[in-house]
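What follows is one structure encoded as structure tokens, with my remarks underneath.
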Amino acid sequence: MEIRLRVLLLIAAALALGGCSMWPFHKKEHAEELPVEATSAEGNAPSVVEPQVTRRTVKTPKIKNSNFEIGPYIGTYSAEDFGVNPVLGARLVYHISEDFFAQTLIGRTTVGKTSYERLSGGAQLLTDSQRKLTYYSLDFGYNLLPGEVFVGNRRAFNSALYMTGGVGATHFAGDNRFTVAIGAGYRLLLNDWLAAHFDVRDSIFDIDLLGSNKTTHNLETGLGVTVFF
Amino acid sequence: MRTVLKLAILLILATAAGLAHSADQARQYDRDAGHYVEVVVADPYLELHTGAGTGYPVARVVPRGEKIEILFRRTDWFKIRDQNDREGWAYRDNMRETLLATGEKLPIEDLSHRDFDLWPWEVGAQTGNFGGGNVNSLYVGYSMNPNLAAELQVSQSLGHSANGEILLLGLAHSPRPDWRVAPLLELGTGVVRIQPKATIISPPQRTEQLAYYGAGVKWYLSRRFILRGDYRSYVIFTRSDTNEDRNEWKLGFAFFF
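In order, the protein sequence lines correspond to chains A and B.
Using my numbering, the first residue of the first sequence is number 1, and each one after it goes up by one.
Using my numbering, the first residue of the second sequence is number 1001, and each one after it goes up by one.
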């Protein structure tokens, strides 16, 4: 207890001291530089012409950034051994550059019964609450094939076929399971702020429910919309 | 299933609404014209691409002296509307050669070097190993100056014998932030909630304080985009006589904004 308190105090002190000493009190203001006074080379001798120029204050224009995407998706989630079930999720995307993006997904589904449970009659492997499957994923994406889609001869929509890879966790059968997910998707930009997505993902995690530990591949398809902001 | 069906219908309606909206776009913009930043093309011409990417073809050019409106920016591309209400995407480097009404060049935030005054925030996701189990973490950092950043981090550890959630607040000191591969020294504290997984005797879930020190590396891969690796040594202050030690390594990506 004693050591613990001492270490905590030490950390608090280190943080406080470090933080205070480094805090940018001196940080330069983005103020305009003062105009240099017109003085002659001799020093204090009055200049012939006093400049009567009033400095125009130039405001840096604020251009709206639109690098984030947010929106829901629905689809099917095939939990290995537990059948294919509807899934509902949401995604948040940040476009780092024209090629790369980062995304976070959260999804939820309720899995069905295994063949064993169906055939055996009454046997239940999971309770109802354990059948709820929730996952999150932190992905990194690459726009592999950007392009345009032509609808009729008057309209063109920008699109991209992208690939994602990431890690996350799946809460299923009473436990959190480390998950690696790879996926591919298609983004269709309907206008400047709205996009439609079609995704296919494979979430890979280990499950020890049926005795031994085994790696499962859980395929998911999703259709979604996102709003850019 | 019913709710899913309803949501599907909602989704389709939203998509349809979006399509309808895109047809109205030109008129919509007319209404709030004047709201956007106006610049004048100073280069012989400004190329407008059909999309926000180098691969998209140049569909039109705006000649020197013509006024254009900047609708918004996405990554390194600017959505532009010319005087004839035609729209396109112009690249950042070309936009540099446009002039504001005051005659000055359009100031464009450039991220080729990290400017800690302009872009103090950093967000990253990492994965690795915490005391033998997997760990995923998400962090937000705020640079107080080029050398020192405060970082808030949430982690989830997924081990064989226990799962845990960790919330940390710490400092990361970068002695040489100007290097492309910049070293880091880290120090911090937080709390951990440990949920043991044992199936036979289930020990109760416990919440403990912990502290860490560590070292890391930030590799500035490209503009605003970092590969980051960390190695940390944790001490968990338990309620029993002995404290627990954990080592952690993590690797992940981060970007600043």
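Quick reminder that beta carbons are idealized off the backbone N, C-alpha and C, glycines included.
Does any residue of chain B bring its CB to less than 8 Å from the CB of residue i?
{"i": "glutamate 148 (chain A)", "result": "yes"}
{"i": "serine 212 (chain A)", "result": "no"}
{"i": "lysine 64 (chain A)", "result": "yes"}
{"i": "isoleucine 96 (chain A)", "result": "yes"}
{"i": "alanine 181 (chain A)", "result": "no"}
{"i": "phenylalanine 198 (chain A)", "result": "no"}
{"i": "isoleucine 207 (chain A)", "result": "no"}
{"i": "leucine 138 (chain A)", "result": "yes"}
{"i": "phenylalanine 90 (chain A)", "result": "It is worth fixing the name first, because residue 90 (chain A) is alanine in this sequence and not phenylalanine. Not one chain B Cβ lies under 8 Å of alanine 90 (chain A)."}
{"i": "phenylalanine 172 (chain A)", "result": "no"}
{"i": "phenylalanine 82 (chain A)", "result": "no"}
{"i": "alanine 123 (chain A)", "result": "no"}
{"i": "alanine 102 (chain A)", "result": "yes"}
{"i": "serine 40 (chain A)", "result": "Summary for serine 40 (chain A): the model assigns pLDDT 46, below 50, so the residue's position carries little reliability, and this model does not support an answer."}
Which residues of chain A have a Cβ atom closer than 7 Å to the Cβ of residue i, listed in chain order?
{"i": "aspartate 1178 (chain B)", "result": "Near aspartate 1178 (chain B) there are no residues of chain A at all, since even the closest Cβ is about 17 Å away, more than 7 Å."}
{"i": "glutamate 1070 (chain B)", "result": "The question names glutamate, yet the displayed sequence has isoleucine at residue 1070 (chain B). Per Cβ cutoff of 7 Å: Ile63."}
Can you list, in chain order, the residues of its chain with a C-beta nearer than 6 Å to that of residue i? Leave out the 5 residues immediately preceding and following it.
{"i": "serine 1161 (chain B)", "result": "Lys1197"}
{"i": "arginine 1073 (chain B)", "result": "none"}
{"i": "valine 1123 (chain B)", "result": "Val1140"}
{"i": "valine 1040 (chain B)", "result": "Lys1067 and Leu1099"}
{"i": "histidine 171 (chain A)", "result": "Thr134"}
So which residues of chain B does residue i contact, with C-beta pairs closer than 7 Å?
{"i": "arginine 177 (chain A)", "result": "Leu1158"}
{"i": "valine 111 (chain A)", "result": "By Cβ distance, chain B contributes nothing, its closest Cβ being about 14 Å from valine 111 (chain A), past 7 Å."}
{"i": "valine 167 (chain A)", "result": "Thr1127 and Asn1136"}
{"i": "asparagine 153 (chain A)", "result": "Ordered by position in chain B, no residue passes the 7 Å Cβ test against asparagine 153 (chain A), which lies about 15 Å from the chain."}
Residues of chain B with a CB under 8 Å from the CB of residue i: which are they?
{"i": "valine 53 (chain A)", "result": "The premise fails here: valine 53 (chain A) is roughly 14 Å from chain B at the closest Cβ pair, so nothing lies under 8 Å."}
{"i": "leucine 133 (chain A)", "result": "Ordered by position in chain B, no residue passes the 8 Å Cβ test against leucine 133 (chain A), which lies about 15 Å from the chain."}
{"i": "alanine 156 (chain A)", "result": "Thr1050"}
Is residue i close to chain A, meaning its C-beta is less than 8 Å from at least one C-beta of that chain?
{"i": "phenylalanine 1130 (chain B)", "result": "no"}
{"i": "aspartate 1076 (chain B)", "result": "yes"}
{"i": "valine 1062 (chain B)", "result": "no"}
{"i": "isoleucine 1226 (chain B)", "result": "no"}
{"i": "arginine 1081 (chain B)", "result": "no"}
{"i": "arginine 1073 (chain B)", "result": "yes"}
{"i": "phenylalanine 1255 (chain B)", "result": "yes"}
{"i": "aspartate 1053 (chain B)", "result": "For the sequence presented, residue 1053 (chain B) should be read as glycine rather than aspartate. It does; some Cβ of chain A falls within 8 Å."}
Excluding sequence positions up to five away, which residues of its chain have a Cβ less than 7 Å from the Cβ of residue i?
{"i": "alanine 1042 (chain B)", "result": "Arg1064, Glu1097, Thr1098 and Leu1099"}
{"i": "glycine 1055 (chain B)", "result": "none"}
{"i": "serine 21 (chain A)", "result": "Reliability fails at serine 21 (chain A), whose pLDDT of 48 lies under 50, so the model's placement of it is uncertain and no value is given."}
{"i": "tyrosine 1045 (chain B)", "result": "Val1061, Val1062, Pro1063 and Arg1064"}
{"i": "leucine 1169 (chain B)", "result": "Leu1152, Gly1188, Thr1189 and Gly1190"}
{"i": "glutamine 124 (chain A)", "result": "Glu117"}
{"i": "arginine 1206 (chain B)", "result": "Ile1194"}
{"i": "glutamate 80 (chain A)", "result": "Thr216, His217 and Asn218"}
Who are the Cβ neighbours of residue i in its own chain at under 8 Å, not counting the five residues just before and after it?
{"i": "asparagine 1243 (chain B)", "result": "Val1235, Ile1236 and Phe1237"}
{"i": "tryptophan 193 (chain A)", "result": "Ser66, Val227, Phe228 and Phe229"}
{"i": "isoleucine 70 (chain A)", "result": "Ala90, Arg91, Leu92, Val93, Thr226, Val227 and Phe229"}
Anything in chain A within Cβ reach of residue i, meaning under 8 Å, just list it in chain order.
{"i": "asparagine 1163 (chain B)", "result": "Asp175 and Asn176"}
{"i": "lysine 1197 (chain B)", "result": "Asp175"}
Note down, in chain order, every chain A residue with its Cβ under 9 Å from the Cβ of residue i.
{"i": "isoleucine 1194 (chain B)", "result": "Per Cβ cutoff of 9 Å: no residues; isoleucine 1194 (chain B) is ~13 Å from chain A at best."}
Contact defined as beta carbons within less than 8 Å: I believe residue i pairs with residue j. What is the distance between those atoms, to the nearest angstrom?
{"i": "asparagine 1094 (chain B)", "j": "glutamate 1047 (chain B)", "result": "6 Å"}
{"i": "asparagine 143 (chain A)", "j": "aspartate 99 (chain A)", "result": "5 Å"}
{"i": "phenylalanine 1255 (chain B)", "j": "arginine 1224 (chain B)", "result": "5 Å"}
{"i": "leucine 1184 (chain B)", "j": "leucine 1148 (chain B)", "result": "Incorrect: roughly 10 Å between the Cβ atoms, too far for contact."}
{"i": "serine 115 (chain A)", "j": "alanine 181 (chain A)", "result": "With a Cβ gap of about 25 Å, serine 115 (chain A) and alanine 181 (chain A) do not count as contacting."}
{"i": "threonine 1075 (chain B)", "j": "histidine 95 (chain A)", "result": "5 Å"}
{"i": "glutamine 1126 (chain B)", "j": "glycine 1252 (chain B)", "result": "3 Å"}
{"i": "glycine 1133 (chain B)", "j": "glycine 1159 (chain B)", "result": "2 Å"}
{"i": "glycine 165 (chain A)", "j": "aspartate 139 (chain A)", "result": "6 Å"}
{"i": "serine 1155 (chain B)", "j": "valine 1135 (chain B)", "result": "5 Å"}
Problem set entry | Residues, ordered as in the chain, of the region 217 to 228 of chain A that lie near chain B by beta-carbon distance below 8 Å | Leu223, Gly224, Val225 and Phe228
For this session: Determine which residues of the region 182 to 195 of chain A have a Cβ less than 7 Å from any Cβ of chain B, and write them out in chain order.
Result: Leu190, Asn191, Asp192 and Leu194
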